[in-house]
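Everything below concerns the one structure shown next.
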Amino acid sequence: MSLTYLEAIREAQARALRDDPRVFIYGQDVGAFGGAFKATKNLAVEFPGRVIDSPISEDAMVGMAVGAAIEGMRPIVEMQFADFSLVGFNQIVNQAATLYWRTNVPCPITVRLPFGGTSGSGPFHSQSIEAIYAHYPGLIVLTPATVEDAYSMLLEAVALDDPVIFCEHKFLYYHLKAEKLPDEALPVGKARIAREGRDLTIATYSAMVHEAIEAAKELSGDGWEIEVVDLRSVKPLDTDTIVASVARTGKLLCVGEAWPWGGVTAEIISRVTAEGFGLLDAPPQRLNAKETPVPYHPNLWAAHRPTARSVAAAARNLLRQ
Amino acid sequence: MSLTYLEAIREAQARALRDDPRVFIYGQDVGAFGGAFKATKNLAVEFPGRVIDSPISEDAMVGMAVGAAIEGMRPIVEMQFADFSLVGFNQIVNQAATLYWRTNVPCPITVRLPFGGTSGSGPFHSQSIEAIYAHYPGLIVLTPATVEDAYSMLLEAVALDDPVIFCEHKFLYYHLKAEKLPDEALPVGKARIAREGRDLTIATYSAMVHEAIEAAKELSGDGWEIEVVDLRSVKPLDTDTIVASVARTGKLLCVGEAWPWGGVTAEIISRVTAEGFGLLDAPPQRLNAKETPVPYHPNLWAAHRPTARSVAAAARNLLRQ
Amino acid sequence: MLQTAFDTEPSLDAKEERDIYLSAFRFMLLARVLDDKLAALYRAGKIHGGVFLGRGQEALSTAVGISLREGDVFAPLIRDAAGRLAFGESVLDSVRTHMGSPHGPMRGRDGNVHRGRPREGLLPMISHLGAMISVVNGILLARRFQKKSGTVGAACIGEGATSTGAFHEALNQAAVEKLPLVLVIADNQYAYSTPKSRQFACDSLARKAPGYGVGVQTVDGTDLSECLKAAGAAISRARTGGGPQLIVANLLRLCGHGEHDVADYVDPKLMNSSLGRDCVKAAEEFLARRHWLDASQAAGLREDIVHEIEAAVAQAQREPAPDPFAEEWRAIASEHLCEGQPEHRRI
Amino acid sequence: MLQTAFDTEPSLDAKEERDIYLSAFRFMLLARVLDDKLAALYRAGKIHGGVFLGRGQEALSTAVGISLREGDVFAPLIRDAAGRLAFGESVLDSVRTHMGSPHGPMRGRDGNVHRGRPREGLLPMISHLGAMISVVNGILLARRFQKKSGTVGAACIGEGATSTGAFHEALNQAAVEKLPLVLVIADNQYAYSTPKSRQFACDSLARKAPGYGVGVQTVDGTDLSECLKAAGAAISRARTGGGPQLIVANLLRLCGHGEHDVADYVDPKLMNSSLGRDCVKAAEEFLARRHWLDASQAAGLREDIVHEIEAAVAQAQREPAPDPFAEEWRAIASEHLCEGQPEHRRI
Ligand SMILES: Cc1ncc(C[n+]2csc(CCOP(=O)(O)OP(=O)(O)O)c2C)c(N)n1
Ligand SMILES: Cc1ncc(C[n+]2csc(CCOP(=O)(O)OP(=O)(O)O)c2C)c(N)n1
Ligand SMILES: [Mg+2]
Ligand SMILES: [Mg+2]
């Protein structure tokens, strides 16, 4: 039996509902329909009354979750697309993210954001917006890149006492498969060495991990050994693992599918240069999406985001220095 | 006659209204009342019908401005506090910021955000949120630090064909004075050397420019000459001026009042290390607000944001390396 | 758009009336056939991304588009192929945008229903529901500033989108400013899979109008006559200073949410009810009863329409795809402030 | 909170009625004197940041707070000093929060009206208007999950805040879920300086109720009796499964928006109208007419209240200020995931 990334997300939710009576799911079309992407398929039947269709009201959806969390529940909110969470932005960053600090009452909500680009989805169904959430104190921002992490990190998200922005990549939903669900996992907050190497470190996350691995394979044909660090969580960010990798390789390329300005890649470079400046023997570089909205046409889209090819090119550039 | 930063903003709006019939102002209490901070004082009388009180509807306020801009107007939207713009976030980043790229029709709106901390204002009237706007393609984000810049940059903001997020610092509103309004000014996109030096570059913006200058003065007592770069505009960011300064000093400290993760300071460090790595003879550092909401009590607030004192301490640390 | 419409002429003579109905029917059929074609292209894998159809909503949508005049503003949503055509959008704009052609109005940057020509009064929707209404308000306010009177702005929306804060803020804003906004709610019983009982708790959305202080009409959205009359009246009232007008139309979405959706959640009772009536068929029957269009004329009309659409598809398919290397990759109009990609700068 | 209130007892005997009125009046006066004290402290520069008063709104606010029971939820806004006290908040919580005392519920982190004890059902408002209503909904939904029946949640809001999308989404959400929410709109004629004519275009906000499918009552907000009856009835209806209830109270803000505001924009005609009646005075006169409270008893009550408040202020003023070095500076509960300040890490 093999499972997709999407099925892992469904399984994690099923398990959370099964194991913890405080868990419920709230979102548009999540009930009988099973969600726009089928991430809650059959859950309304398996867990009657606990998988609730919401009106098209992202602001109130998040507010509702915060209230339920205050009362001891562990709501999971599904945004139909990450892009639409922006309508609920205020409740996330000002209500959910400030509650614990202001009142000492934790706010254990999980907001699931189907995010990232897929071909033909255009400017409003493709955004990678982890950085704007990570900018705010009070939030945990997770970006699983594998089927196993999608499962274990979503379970951990629901168990955590803080608001978690769970960024699940739509491009990985169906593409990525695993043989089985994991029994154990790295905890949230720890990055993972996705591929070992000694010539250059690529620090990246989510769908870009796979582009980076692809690029690393290509470069291995030329004798280069590229280390790929899968961040897993962009907030907190496991600087130690990245710095340790850079200590081995001396070179750092940060890759993100999001826009460059103030993104995860900028945050990594700031940290690594502050903490591991002496380890770098070339300027750390970043590769991001282009500075425009995400285009609709597949040709434009493929050029807008980093790909194995452009990652390999950027890596080569850096290796040459 | 001397003018405050706030009066300069009022004067710029008066002049924009006078010189350009396409300009109008829309915001809560901006009409007869003259705005929560009096930035539109008397303008409703001087320019009847062109300074309009809006309902408490930030989303619709921005949408309205975009529509008017499509029709050739040049609206200025006043948010009562920057923090409340988050309710209108979607219209700013998804409607205004994408219009030109999608349709070739420019979107000349100016959104004025009274931002930044003042003593006793607490978590929801103090935020520095320039980074989340700068993250999105399609926006210009300005952060004037002086009376002169408040005036000239606001005029330029209104004249620009793009949506401008105009971050005016509330702490500077009354504190900062100038003898007269400027006749000429650096254009948007150019940083300014606020103080010359040779030992270390502090790159900063808005209210922190004054803390940095204060710190530089303190350090000059010890014989250190600190160069302070006032970014003026955080998007676009004048990397050339910063890199040129670092070429002179070899050391970089980035200071921002916003939260650290993915902020302006992270963006600067990423750029400078990518473009001027060889110029740095110590790890570039950043100093930001602490990673919590902005506290209410003056003692906590003073410790939460960088001050001349903490800037000086960070600079000393870096100078010692 | 028509020169003569229900909103301008209080009493039309028989010929004018017939012309309007024939014209409206033509747009309805054009939209239906175009939708069918887009669905076929989607199934054949020729369209990337989603395809969203207006099946069952052609009468309402056409009535709005056709009742607007040149200079008016129209903000259609995903089910308004018919209204767009009636307002003056070309078939080619639709096909090109679905195909991502660089010659379309969105140049491959945005796709499918996300298209328009803002300078010609046709607003390109963003996906966030409710977000276009306040933009229409802004255009109408600008016209007031510019002393251009007599124009109207129409915005279409589904019943599900009335749950958004954006809808509320914008309708209220229009009411406060007494703008000539016509807001058309197609209550098609579902928002994606969600039945309206999970979306609001009043018996009809028309109940909302007094709370905003705006005019309202409720119509059978499957009936072209009712739609034409209501749209004409609302637009006329808005045009003559009556402030915002709401139209609530009852109908049923006769397709999936998008073409990927088989919509097996739709209650069969609704399909068999009068809500489930196919407005295109009903309009054709109406025209036949009035002897304005007989079977062979209808067949001829359909044939013309099929040709027009095939031609547009053929043209768009011949066009090159957008070239990423020719793209400017610039999101701001102020060229001098454009920084380019950080990674493309010197190292 | 009272044991006996209008919502529980359909027919109260005279003594019970008197007790309720006396208790309510005490909260009104307590709030008024507390507000006056806070205003004086503000003017003396002893309070950093803004001070926002509930002057003129004590009858309405008290009626809501007093009619709720233990276990109910209350989300007050900036003008609800009276309702908070009636719900059970201590004077000391208010004073400490205004002073920024580390011993207050907000520990100096947040201030003035931004206070509460969520675990005790008193929600600490964030500033963004309209944002608390859906949070109340969430608590009520949680109780439904937890099979705790019979609790009610009340949220207060100004007429200006009805223009927010958050208000709309949340009221609609409560209606769809048929939650026991009581939403109290204090229509005090102004939002800061903005008259309500610039805020909405219906004649009364009560008109909104049918559009949401919720119950509604309109009251004279200057009249304690009317407020008590309306709040009692609405809460009782919500408690017994009647779904969300709206209360629209007409009154006037008898102070500036905040204490920095002289409010010279307020129309003198309104001040001289019945809306401008001081509800505290009116309630005192009512009690006197009923022979429930004579002048000397009233003076004695006021004296007690002044003492209570002075004691609280004295205590809070003796308390140390928050110590930034003792602060954890940690915004998340998961201590193991806290990174600390990047600049405080090793170099
Ligand atoms: C703010 C926002 N949330 C969610 C969505 C996702 N979405 C797209 S269409 C749709 C259903 C819309 O239903 P309705 O308004 O009734 O229009 P219909 O599709 O029935 O014509 C949803 C939930 C969106 N586009 N915008
Ligand atoms: C979303 C949002 N926008 C703007 C503000 C700034 N603001 C605070 S109070 C206020 C006026 C509120 O008026 P109303 O709702 O009538 O309450 P009142 O002050 O009259 O009690 C405004 C505009 C805010 N707090 N939240
Ligand atoms: Mg619908
Ligand atoms: Mg008010």
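Protein chains in written order, with my numbering: chain F, 6 to 326; chain A, 6 to 326; chain U, 5 to 351; chain D, 5 to 351.
By construction, the Cβ of each residue, glycine as well, lies at the ideal position given by its N, Cα and C atoms.
{"Check": "For ASN192 of chain D, three-class secondary structure by DSSP", "Outcome": "coil"}
{"Check": "Alpha carbon of ARG23 of chain A to alpha carbon of TRP264 of chain A, nearest angstrom", "Outcome": "38 Å"}
{"Check": "Rounded straight-line distance, which links the Cα of GLY40 of chain A to that of SER7 of chain A", "Outcome": "21 Å"}
{"Check": "With 16 other Cβ atoms within 10 Å as the buried cut-off, status of HIS295 of chain U", "Outcome": "exposed"}
{"Check": "Within-8 Å CB hit, GLN33 of chain A to chain F", "Outcome": "no"}
{"Check": "Bridge partner(s) assigned by DSSP for ILE170 of chain F", "Outcome": "F:VAL116, F:VAL146"}
{"Check": "is_contact[GLU388 of chain U, chain A] using C-beta, thresh 8 Å", "Outcome": "This structure does not reach residue 388 of chain U, given that chain U is present from 5 up to 351, and the question cannot be answered."}
{"Check": "CB of VAL152 of chain F within 8 Å of CB of ALA13 of chain F, strictly", "Outcome": "yes"}
{"Check": "Proximity winner among F:ASP64, F:GLY54, F:ILE81, relative to SER28 of chain F (alpha-carbon distances)", "Outcome": "Per the sequence shown, residue 28 of chain F should be read as Val rather than Ser. Minimum Cα distance to VAL28 of chain F is reached at F:ILE81."}
{"Check": "Through-space distance from PRO168 of chain F to PRO26 of chain F, alpha-carbon basis", "Outcome": "18 Å"}
{"Check": "Neighbour list for VAL92 of chain F in chain A, Cβ cutoff strictly below 7 Å", "Outcome": "ASN95"}
{"Check": "Chain-order list of residues whose beta-carbon lies under 6 Å from that of VAL233 of chain A (same chain, five-residue window excluded)", "Outcome": "ALA199, ARG200, ILE207, ALA217, ILE218, ALA221"}
{"Check": "Closest Cα partner of ARG310 of chain A within the set A:LEU177, A:LEU242, A:GLY121, A:HIS130", "Outcome": "A:GLY121"}
{"Check": "Minimum length 3: unbroken beta strand (DSSP E) runs contained in the stretch 193-246 of chain F", "Outcome": "197-200, 205-209, 231-235, 238-240"}
{"Check": "Distance cut-off 7 Å: ARG257 of chain D Cβ against heavy atoms of ligand 2", "Outcome": "yes"}
{"Check": "Range covered by the alpha helix (DSSP H) that runs through CYS231 of chain U", "Outcome": "228-243"}
{"Check": "Cβ shell of THR312 of chain F (< 7 Å), same chain only, five flanking positions each side left out", "Outcome": "GLU216"}
{"Check": "Close beta carbons around ARG349 of chain D, own chain, < 6 Å, minus the five adjacent residues each side", "Outcome": "Annotation note: pLDDT 41 at ARG349 of chain D (below 50); position unreliable, coordinate value reported separately. Correct list: empty, nothing qualifies."}
{"Check": "Beta-carbon proximity of LEU147 of chain A to VAL214 of chain A, cut-off 8 Å", "Outcome": "no"}
{"Check": "Assigned secondary structure, TYR31 of chain A (DSSP; H/G/I helix, E/B strand, else coil)", "Outcome": "strand"}
{"Check": "Any non-hydrogen atom of ligand 1 closer than 7 Å to GLN328 of chain A Cβ", "Outcome": "Any question about residue 328 of chain A goes unanswered here, given that chain A covers just 6 to 326."}
{"Check": "Under 7 Å from the C-beta of HIS130 of chain A: neighbouring residues of chain D", "Outcome": "SER131"}
{"Check": "Cβ-Cβ distance between VAL220 of chain D and LEU183 of chain D below 8 Å", "Outcome": "no"}
{"Check": "Interface residues of chain U facing SER275 of chain F [CB-CB closer than 9 Å]", "Outcome": "Within 9 Å Cβ-Cβ: nothing; SER275 of chain F doesn't reach chain U, min ~14 Å."}
{"Check": "Interface flag, VAL140 of chain U vs chain D, CB-CB below 8 Å", "Outcome": "no"}
{"Check": "Interface partners of PHE89 of chain A on chain D, CB under 9 Å", "Outcome": "SER131, HIS132, LEU133"}
{"Check": "VAL55 of chain U classed as buried or exposed, judged by whether at least 16 other C-beta atoms fall within 10 angstroms", "Outcome": "buried"}
{"Check": "Residues near PRO300 of chain A by beta carbon distance below 6 Å, same chain, minus five either side", "Outcome": "TRP306, HIS309"}
{"Check": "Local conformation of LYS182 of chain A per DSSP, three classes", "Outcome": "strand"}
{"Check": "Closer than 8 Å to chain U by CB, ILE145 of chain A", "Outcome": "yes"}
{"Check": "Contact with chain A by ALA141 of chain F, beta-carbon distance below 8 Å", "Outcome": "Residue identity differs from the one stated: residue 141 of chain F is Tyr in this sequence, not Ala. Taking Cβ atoms only, chain A reaches closer than 8 Å to TYR141 of chain F, which makes this a yes."}
{"Check": "GLU62 of chain D and CYS259 of chain D closer than 8 Å at C-beta", "Outcome": "no"}
{"Check": "Closest residue to HIS264 of chain U among U:ASP298, U:LYS41, U:ARG47 (Cα-Cα distance)", "Outcome": "U:ARG47"}
{"Check": "8 Å contact criterion, which GLU76 of chain A and ILE143 of chain U should meet: CB distance rounded", "Outcome": "5 Å"}
{"Check": "GLU163 of chain U (DSSP reduced to helix, strand or coil)", "Outcome": "coil"}
{"Check": "Rounded distance between the beta-carbons of TYR216 of chain U and LEU175 of chain U, thought under 8 Å", "Outcome": "5 Å"}
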